[in-house]
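A short write-up of the structure that comes next.
There are 2 protein chains.
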Amino acid sequence: MSPTDGQDLPGLPTQRPFVTVDVAIFGVLQDELQVLLVQRPSLATEPYPGLWALPGGFIDVSADDSLEACARRKLAVKTGAVAPYLEQVGSWGSKARDPRGWSTTHLYFALLPADSIQLVPGANAADVRWWPVAGAGVRGRLAFDHAKLLAAAVERLRAKVEYTSLPAFLLPREFTLPDLQRAYEIVLGRPVEKSAFRTRVLAAGVVEPIDRQRQTGKRPAQLYRLASRSEPIYFPRTFEPKRD
Amino acid sequence: MSPTDGQDLPGLPTQRPFVTVDVAIFGVLQDELQVLLVQRPSLATEPYPGLWALPGGFIDVSADDSLEACARRKLAVKTGAVAPYLEQVGSWGSKARDPRGWSTTHLYFALLPADSIQLVPGANAADVRWWPVAGAGVRGRLAFDHAKLLAAAVERLRAKVEYTSLPAFLLPREFTLPDLQRAYEIVLGRPVEKSAFRTRVLAAGVVEPIDRQRQTGKRPAQLYRLASRSEPIYFPRTFEPKRD
DNA sequence: TCAATAGTGTCTCTTAGACACTATCGT
DNA sequence: ACGATAGTGTCTAAGAGACACTATTGA
Numbered sequence: 001m002s003p004t005d006g007q008d009l010p011g012l013p014t015q016r017p018f019v020t021v022d023v024a025i026f027g028v029l030q031d032e033l034q035v036l037l038v039q040r041p042s043l044a045t046e047p048y049p050g051l052w053a054l055p056g057g058f059i060d061v062s063a064d065d066s067l068e069a070c071a072r073r074k075l076a077v078k079t080g081a082v083a084p085y086l087e088q089v090g091s092w093g094s095k096a097r098d099p100r101g102w103s104t105t106h107l108y109f110a111l112l113p114a115d116s117i118q119l120v121p122g123a124n125a126a127d128v129r130w131w132p133v134a135g136a137g138v139r140g141r142l143a144f145d146h147a148k149l150l151a152a153a154v155e156r157l158r159a160k161v162e163y164t165s166l167p168a169f170l171l172p173r174e175f176t177l178p179d180l181q182r183a184y185e186i187v188l189g190r191p192v193e194k195s196a197f198r199t200r201v202l203a204a205g206v207v208e209p210i211d212r213q214r215q216t217g218k219r220p221a222q223l224y225r226l227a228s229r230s231e232p233i234y235f236p237r238t239f240e241p242k243r244d
Numbered sequence: 001m002s003p004t005d006g007q008d009l010p011g012l013p014t015q016r017p018f019v020t021v022d023v024a025i026f027g028v029l030q031d032e033l034q035v036l037l038v039q040r041p042s043l044a045t046e047p048y049p050g051l052w053a054l055p056g057g058f059i060d061v062s063a064d065d066s067l068e069a070c071a072r073r074k075l076a077v078k079t080g081a082v083a084p085y086l087e088q089v090g091s092w093g094s095k096a097r098d099p100r101g102w103s104t105t106h107l108y109f110a111l112l113p114a115d116s117i118q119l120v121p122g123a124n125a126a127d128v129r130w131w132p133v134a135g136a137g138v139r140g141r142l143a144f145d146h147a148k149l150l151a152a153a154v155e156r157l158r159a160k161v162e163y164t165s166l167p168a169f170l171l172p173r174e175f176t177l178p179d180l181q182r183a184y185e186i187v188l189g190r191p192v193e194k195s196a197f198r199t200r201v202l203a204a205g206v207v208e209p210i211d212r213q214r215q216t217g218k219r220p221a222q223l224y225r226l227a228s229r230s231e232p233i234y235f236p237r238t239f240e241p242k243r244d
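Chains as they are written, first to last, in this note's numbering: chain C, 1 to 244; chain L, 1 to 244.
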């Protein structure tokens, strides 16, 4: 197959944008919401050398059957794991966002239990590490338009957390209700009322109790697991605090 | 500039998907939610000849500065109008969705006052017309994967209508509250309670009264216009009917 | 018995939903 | 006066938010 196959069929444009997929992988570490970033290679031939970026890259039209498959592949390459939750955030494309030319990117975000995975520095990424989302360490120092992409992913995540069970995908398979409540508080960045939280989560059927409790020094807590390991639950109302 | 410019820079993939933008343009006509479709040319060299499809097509990397600009261009070409509301729904891409090869599409949906525009049959589209969204006339007879795309756009629209002022963008610049309520009912496909509707819409500051009323045979109705002509308003709660 | 965390009960207040009622036009 | 549509008021019930209270462990 020649390298220009499919580039010159009649009616198809000869000049095409290049197409990438980026993934914002979120986890909770040290009681903080963090995002997985990779460091770009320090080669003068590469754009933004040495800067941090969302993991991602070009579509491989011979290896990737679809955009989502491409996102899952890039996720697996960095984490060696299959994320329990993956969702498309949107797409961006313009002449200016990549110095190499007209480009589009399809942005996904993934949630996973951060302590369950091993980071995998890749051939094309000097380093891989978690960065706190709230911290200023990352702000404004990301390659390409990734600061904007990350902000969009965080905004989407925070918005959906108000009315879905998404934070459960940040926890290991078995967890307690206080664990889950803490995950909500970490993502939202504000405290959540305990009684209302428990009522809502249990009424919505997000979780089901298992026949075990967590033994700590204090009163033991009932262990739960997700009722639906793959799909999030949507709540009828939100967690938003009462307006004043 | 040679036709392969930008195709062979070092590090860039030589094989790229082709990139399209599609737009689901919605309007209310004959008391129904309708979508603008174009008929594909009846040429054997074109895929899906004669079938109906969402307006759209390839990115023109020399004419389009961004994906959204491309969507606005395609919208203007068919309607001659600038839509008061345009939102990205998502993107799809795979090897299989277009017989000509690996392709991606970026789907937008637009809302506009249907009676304010003139349809413009284009060079590459045999015909343009409105189709009822609910009707079976369109179902399963769309080109490419556009049935799926249209379903996604309708789903997004319906979901957002529950908690936003989107239907206002389907009305002319001046309208009455009963007009607006009717627009909600048409999009949602179910009746909306009058009193709660008015309370919510007015409390949210969606509209502002103008110094005129609509004279019909009956009691005249106060005319309003959008408080914010460009941005939709988000309600704190939804219009969903009480569960049983 | 105390500290600490898990889990429940109770009160209030807001708001949606239902629906009846009033208001204003033309005929 | 009446039909028809515009617009308001009232009652009820459900759920959120606040917060106090009880429960269960180890030390």
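The beta carbon of each residue, even a glycine, is placed where N, CA and C say it ideally should be.
The structure presented is a predicted model; accordingly, all values stated were derived computationally and were not measured.
Which full runs of the alpha helix (DSSP H) of 4+ residues lie inside the segment 99 to 166 of chain C, going along the chain?
146 to 161
Report the residue from C:Ala81, C:Arg219, C:Ala147 and C:Gly11 whose alpha carbon sits nearest the alpha carbon of C:Thr176.
For the purposes of this step, residue 176 of chain C is identified with residue 176 of the first sequence, where counting begins at 1. Of the listed residues, the one whose Cα sits closest to C:Thr176 is C:Arg219.
By how many angstroms is the C-alpha of C:Asp60 removed from the C-alpha of C:Asp5?
Locating residue 5 of chain C in the first sequence gives position 5, counting from the first residue. Locating residue 60 of chain C in the first sequence gives position 60, counting from the first residue. Low confidence applies here, because C:Asp5 scores a pLDDT of 41, under 50, leaving its location unreliable; read the following figure in that light. Using only the alpha carbons, I get a separation of about 14 Å.
CB contact below 9 Å: C:Thr199 versus chain L
Sequence index remark: in the first sequence, residue 199 of chain C carries index 199 (1-based). For C:Thr199, the answer is no, since every Cβ of chain L falls outside 9 Å of its Cβ.
Buried or exposed, going by whether 16 or more other CB atoms sit within 10 Å of the CB of C:Thr216?
For this step, residue 216 of chain C is matched to residue 216 along the first sequence. Of the other Cβ atoms in all chains shown, fewer than 16 fall within 10 Å of the Cβ of C:Thr216; this residue is therefore exposed.
Name the chain C residues whose beta carbon is nearer than 9 Å to that of L:Gln215?
Counting from one through the second sequence, the residue named residue 215 of chain L turns up at place 215. The premise fails here: L:Gln215 is roughly 39 Å from chain C at the closest Cβ pair, so nothing lies under 9 Å.
Note down, in chain order, each residue of its chain lying with its Cβ closer than 7 Å to the Cβ of L:Val267, except the 5 sequence neighbours on either side.
Missing from the structure shown is residue 267 of chain L; chain L here goes from 1 to 244 and no further.
Helix, strand or coil for C:Ser42 per DSSP?
Locating residue 42 of chain C in the first sequence gives position 42, where the first residue counts as 1. Correct three-state label for C:Ser42: coil.
When DSSP labels each residue in this structure, what does C:Glu245 get in the three-state scheme?
For residue 245 of chain C there is no data in the structure shown, the boundaries of chain C being 1 and 244.
Contact criterion: CB-CB distance below 9 Å. Does C:Lys160 meet it with respect to chain L?
Residue 160 of chain C sits at position 160 when you count from the first residue of the first sequence. No, C:Lys160 does not count as interfacial toward chain L.
Mind checking which residues open and close the beta strand (DSSP E) that includes L:Ala221?
Numbered from 1 along the second sequence, position 221 holds the residue referred to as residue 221 of chain L. Element bounds for L:Ala221: Ala221 to Leu226.
What whole-angstrom Cβ distance do C:Leu29 and C:Leu54 have, given they're in contact under 8 Å?
In the first sequence, residue 29 of chain C corresponds to position 29, counting from 1. In the first sequence, residue 54 of chain C corresponds to position 54, counting from 1. About 17 Å separates the two Cβ atoms, so there is no contact after all.
Can you check DSSP and say which residues form a bridge with L:Gln213?
On the second sequence, residue 213 of chain L is found 213 positions in, with the first residue counted as 1. Looking at the DSSP assignment, L:Gln213 forms a beta bridge with L:Gln222.
Compute the Euclidean distance between the alpha carbons of C:Arg225 and C:Glu208, then round it to the nearest angstrom.
Walking along the first sequence from the start, residue 225 of chain C turns up at place 225. Walking along the first sequence from the start, residue 208 of chain C turns up at place 208. Looking at the two C-alpha atoms, the distance is approximately 6 Å.
8 Å Cβ shell around L:Thr164 - same chain, five flanking residues per side excluded
Numbered from 1 along the second sequence, position 164 holds the residue referred to as residue 164 of chain L. Pro232, Ile233, Tyr234 and Phe235.
Whose CA, out of L:Ile25, L:Val21, L:Asp31 and L:Ala69, lies closest to the CA of L:Arg190?
If you number the second sequence from 1, residue 190 of chain L lands on position 190. Minimum Cα distance to L:Arg190 is reached at L:Asp31.
Alpha-carbon spacing of C:Leu180 relative to L:Gln34, whole angstroms
Taking the first sequence and counting its residues from 1, the one referred to as residue 180 of chain C is at position 180. Taking the second sequence and counting its residues from 1, the one referred to as residue 34 of chain L is at position 34. In a straight line, the C-alpha of C:Leu180 is about 43 Å away from that of L:Gln34.
Closer than 8 Å, Cβ to any Cβ of chain C: which residues of the segment 85 to 109 of chain L, in chain order?
Gln88, Gly90, Ser91, Trp92, Gly93, Ser94, Lys95, Ala96, Arg100, Gly101, Trp102, Thr104 and His106
Counting only beta-carbon separations shorter than 9 Å, does C:Pro17 have a partner in chain L?
Mapped onto the first sequence, residue 17 of chain C falls at position 17. With 9 Å as the cut-off, C:Pro17 counts as an interface residue toward chain L.
Rounded separation between C:Thr199 and C:Leu223 - CA only:
Locating residue 199 of chain C in the first sequence gives position 199, counting from the first residue. Locating residue 223 of chain C in the first sequence gives position 223, counting from the first residue. Approximately 16 Å between the Cα atoms of the pair.
If contact is defined by three or more beta carbon pairs under 8 Å, each pair taking one atom from either stretch, is the segment 133 to 143 of chain C in contact with the segment 12 to 23 of chain C?
no
Cβ-heavy atom distance between L:Ala183 and the ligand SAH below 8 Å?
Looking for the ligand SAH in the displayed structure turns up nothing, as the structure carries no ligands at all.
Grouping DSSP H, G and I as helix and E and B as strand, with all else coil, what is C:Leu12?
What you label residue 12 of chain C is simply residue 12 of the first sequence in a count that begins at 1. In this structure, C:Leu12 counts as coil in the three-state DSSP scheme.
What does the Cβ neighbour count give for L:Pro84, buried or exposed, with the cut at 16 atoms within 10 Å?
Looking up residue 84 of chain L in the second sequence gives position 84. L:Pro84 is buried by the Cβ-count criterion.
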